[in-house]
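Visitor: Structure provided below as structure tokens; questions to follow.
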Amino acid sequence: MAQSGSNNGHHPWRPVTASSRDAAIGVIVNPLSGRDIRRVVAQASVFPNAEKANMVLRMVAAAGALGVGRVLVSTDDFGVAASVLRGSQQHSAQTDHWPELTFCELDPLTGTAEDTKQLVRRMRADGAGVIVVLGGDGTVRAAASEVGGTPLLPLSTGTNNAFPQMWEATVAGVAAALVARGDVDVRSATQQAKVLEVQCGTATELALVDVCVSATAQVGARALWKPETLRELYCAFAEPHAIGLSSIAGQLLPTTRDQPHGVAVHFATGSAPQYRVLAPITPGKLTALDVSAVQHLPLGEPVASHVPAGTVALDGERECEFGPGDEVTVRLTNRGPRVLDVQAVLDTAARRGLLRSGSPTVPEGATGVDSWRVPPSDGGSHR
1 MAQSGSNNGH HPWRPVTASS RDAAIGVIVN PLSGRDIRRV VAQASVFPNA EKANMVLRMV
61 AAAGALGVGR VLVSTDDFGV AASVLRGSQQ HSAQTDHWPE LTFCELDPLT GTAEDTKQLV
121 RRMRADGAGV IVVLGGDGTV RAAASEVGGT PLLPLSTGTN NAFPQMWEAT VAGVAAALVA
181 RGDVDVRSAT QQAKVLEVQC GTATELALVD VCVSATAQVG ARALWKPETL RELYCAFAEP
241 HAIGLSSIAG QLLPTTRDQP HGVAVHFATG SAPQYRVLAP ITPGKLTALD VSAVQHLPLG
301 EPVASHVPAG TVALDGEREC EFGPGDEVTV RLTNRGPRVL DVQAVLDTAA RRGLLRSGSP
361 TVPEGATGVD SWRVPPSDGG SHR
């Protein structure tokens with residue numbers, strides 16, 4: 001379903017060209033993200049769908065201002081796409097620089113990760129140069145499995161948000177538009193993420209942040225609730241400020257997203273712990289956990305689990321059950337999705353003058369920010 005916008009006028013900053021009209025951005029919104037039982041129990045705020053729709057509209061406005069011709073938007077049964085459509089009809093009547101919106105409809109919608117995967121495939125086939133995902137770790141993990149070499153911009157609207165980024169939607173839309181148009185090269189605009197490849201019996205899975213092996217026998221409600229059942233934790237990166245299981249490793253062995261290793265943690269079970277860690281493994285709650293060992297997880301080397309039976313959680317959600325006859329291995333690789341680096345894109349835009357006209361006049365010997373001015377645009381040249 002397409003909703004037309006007008007993009008016929010000349011824009012004063014980035015010229016509208018045939019190639020920019022062909023440029024497209026895909027936006028996938030998980031209407032259920034940031035609303036699960038872990039947030040309700042912890043009295044944490046849920047992320048309203050009205051704000052998700054408003055985020056999409058702000059991104060669309062930014063993309064249109066920079067001459068992007070099309071934005072592909074996911075559909076849902078919870079009113080997000082409907083709100084985007086209503087808002088788009090209002091905005092497109094007020095501006096000459098509103099992109100054409102194409103709503104990607106799935107029949108049927110399953111309400112599972114398969115919807116996200118199918119939407120990524122559809123948007124890539126329809127020419128999306130960047131795919132923006134509004135969700136948490138689980139939603140982004142589903143998208144990452146299908147995104148290939150297309151840049152991925154994950155925006156945080158979930159329960160656990162260790163992988164997605166916190167950016168204002170307007171700024172995110174500007175960065176996505178500059179890359180989709182080709183104004184900023186994909187190689188300088190993205191970082192290839194580390195990921196964890198998991199072999200659980202005959203199943204092969206992918207995790208973006210962490211893999212946790214627990215003694216819990218069944219997948220059940222998926223979310224990890226009982227810290228006493230945790231046995232092993234493997235993290236692609238570990239940031240002390242994160243919410244979720246990776247925050248445990250972040251307190252023990254902080255590891256950035258671009259360091260060439262991860263972290264492996266073994267929890268103490270029946271023996272004297274080497275560490276006791278207080279970590280926010282769910283919103284609104286600090287949990288004390290006993291750890292027997294922590295070490296670097298090297299790139300490319302499979303590590304076998306020593307847990308005889310239980311479940312494997314990927315990015316905080318149990319996905320796989322295994323028994324005594326099943327081997328579980330975890331391997332850290334650097335072949336994850338290409339993640340858009342918003343700050344790098346906008347730094348490049350500032351250096352190259354992509355969002356300004358004219359040249360700053362800097363008086364000789366001037367050092368303060370108030371000592372230079374940008375002359376008024378003559379409405380002529382563009383960078």
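Under UniProt numbering, residues 1 to 383 are what the sequence shown spells out, in order.
Quick reminder that beta carbons are idealized off the backbone N, C-alpha and C, glycines included.
Return the chain-ordered list of same chain residues with a C-beta closer than 6 angstroms to the C-beta of V40, the five sequence neighbours on each side being excluded.
Guide: With a pLDDT of only 48 at V40, under the threshold of 50, the placement of this residue in the model should not be trusted; the figure read from the coordinates follows. Counting only Cβ-Cβ distances below 6 angstroms, and skipping sequence neighbours, we find nothing.
Visitor: Which residue marks the beginning of the alpha helix (DSSP H) containing R122, and which one marks its end?
Guide: That run of the alpha helix (DSSP H) goes 113-125.
Visitor: May I ask you to report which of helix, strand or coil DSSP gives D347?
Guide: Here D347 sits in helix by DSSP.
Visitor: Could you check what DSSP says for L85 in three-state terms: helix, strand or coil?
Guide: L85: helix per DSSP, three-state reduction.
Visitor: I'd like to confirm the pairing. Which residues does DSSP put opposite V209 in its beta bridges?
Guide: BP columns for V209 are empty, so no partner.
Visitor: What did DSSP end up calling E51 once you bin it into helix, strand or coil?
Guide: Three-state result, E51: helix.
Visitor: According to DSSP, simplified to helix, strand and coil, what is R181?
Guide: Of the three classes helix, strand and coil, the one that applies to R181 here is helix, per DSSP.
Visitor: For a minimum of 3 consecutive residues, which ranges assigned as the beta strand (DSSP E) are wholly contained in the region 279-325?
Guide: Those beta strand (DSSP E) runs which fall completely within the region 279-325 and span 3+ residues are 285-298, 310-314, 317-322.
Visitor: Where does the unbroken beta strand (DSSP E) through L233 begin, and where does it stop?
Guide: First-last of the beta strand (DSSP E) with L233: 230-235.
Visitor: For the alpha helix (DSSP H) containing L252, name the first residue and the last one.
Guide: L252 -> alpha helix (DSSP H) spans 246-252.
Visitor: Look at A313 and V211 and say whether their C-beta atoms are less than 9 angstroms apart.
Guide: Against a cut-off of 9 angstroms, the Cβ pair of V211 and A313 comes out as a contact.
Visitor: Let's test the definition: count the other Cβ atoms within 10 Å of the Cβ of K194 and tell me whether it reaches 16, buried, or not, exposed.
Guide: So K194 ends up on the buried side.
Visitor: Can you tell me the Cα-Cα spacing of A350 and T190, whole angstroms?
Guide: Answer to the nearest angstrom: the Cα atoms are 17 angstroms apart.
Visitor: Ends of the alpha helix (DSSP H) at A24?
Guide: Not the alpha helix (DSSP H): A24 falls in the beta strand (DSSP E), residues 24-29.
Visitor: Using the Cβ count rule (16 or more neighbours within 10 Å means buried), how would you classify Q94?
Guide: Per the 10 Å Cβ criterion, exposed.
Visitor: Within its chain, find whatever has a CB closer than 6 angstroms to the CB of C320; leave out the 5 residues flanking it on each side and keep chain order.
Guide: Cβ neighbours of C320 beyond the five flanking positions: C200, A203, V312.
Visitor: How would you write the range of the alpha helix (DSSP H) that V186 sits in, first residue to last?
Guide: Its alpha helix (DSSP H) spans residues 186-189.
Visitor: Just to confirm my understanding: we take G79, look at its own chain, exclude 5 residues before and 5 after, and list those with CB closer than 7 angstroms. What are they?
Guide: Hits under 7 angstroms: N49.
Visitor: Does the Cβ-Cβ distance between G67 and A23 come in under 9 angstroms?
Guide: The answer is yes: Cβ separation under 9 angstroms.
Visitor: Could you tell me which residues DSSP pairs with I131 in its beta bridges?
Guide: Per DSSP, G26, L152.
Visitor: Just checking my contact of A207 with D326 at CB under 8 angstroms: how many whole Å lie between their CB atoms?
Guide: Their Cβ separation, rounded to whole angstroms, is 18 angstroms, which puts A207 and D326 out of contact at 8 angstroms.
Visitor: Look at the Cβ atom of I248, then the Cβ atom of V130, and state whether they are nearer than 9 angstroms.
Guide: In this structure, V130 does not lie closer than 9 angstroms to I248 by Cβ.
Visitor: Could you round the C-beta distance between G310 and V179 to whole angstroms and report it? I think they count as a contact, below 8 angstroms.
Guide: Between V179 and G310 the Cβ distance is about 42 angstroms, and since that is not below 8 angstroms, they are no contact.
Visitor: Thinking C-beta only, is S305 closer than 9 angstroms to T329?
Guide: In contact: T329 and S305 (Cβ atoms closer than 9 angstroms).
Visitor: Just to check my reading of the structure: E239 and G250 have Cβ atoms closer than 8 angstroms, yes? What is that Cβ distance to the nearest angstrom?
Guide: E239 to G250, Cβ: 5 angstroms. Contact.
Visitor: Can you round the beta-carbon distance between L32 and D77 to whole angstroms, since I take them to be within the 8 angstroms contact cut?
Guide: At roughly 10 angstroms, the Cβ-Cβ gap does not stay under 8 angstroms, so L32 and D77 are not in contact.
Visitor: Taking the alpha-carbon positions, what's the E146 to G136 distance?
Guide: Cα to Cα, E146 sits roughly 16 angstroms from G136.
Visitor: Is V195 helix, strand or coil when you go by DSSP?
Guide: It is a strand residue.
Visitor: Should E301 be labelled buried (16 or more other beta-carbon atoms within 10 Å of its own) or exposed?
Guide: When all chains shown are included, E301 counts as exposed.
Visitor: Pull up the CB-CB distance for V84 and A53, whole angstroms please, since I reckon it's below 8 angstroms.
Guide: About 5 angstroms; that satisfies the 8 angstroms criterion.
Visitor: What number of angstroms, rounded off, separates the C-alpha of D115 from the C-alpha of A176?
Guide: Looking at the two C-alpha atoms, the distance is approximately 22 angstroms.
Visitor: Run the CB neighbour count on P308, radius 10 Å, all protein chains shown included, and call it buried at 16 or more, exposed below.
Guide: So P308 counts as exposed.
Visitor: Counting along the chain, where does the beta strand (DSSP E) carrying V263 start and finish?
Guide: Note, V263: beta strand (DSSP E), 261-267.
Visitor: State buried or exposed for S92, treating a residue as buried only when at least 16 other CB atoms are found within 10 Å of its CB.
Guide: S92 comes out buried.
Visitor: Can the beta-carbon of V303 be found less than 9 angstroms from the beta-carbon of Y234?
Guide: Yes, they are a contact pair.
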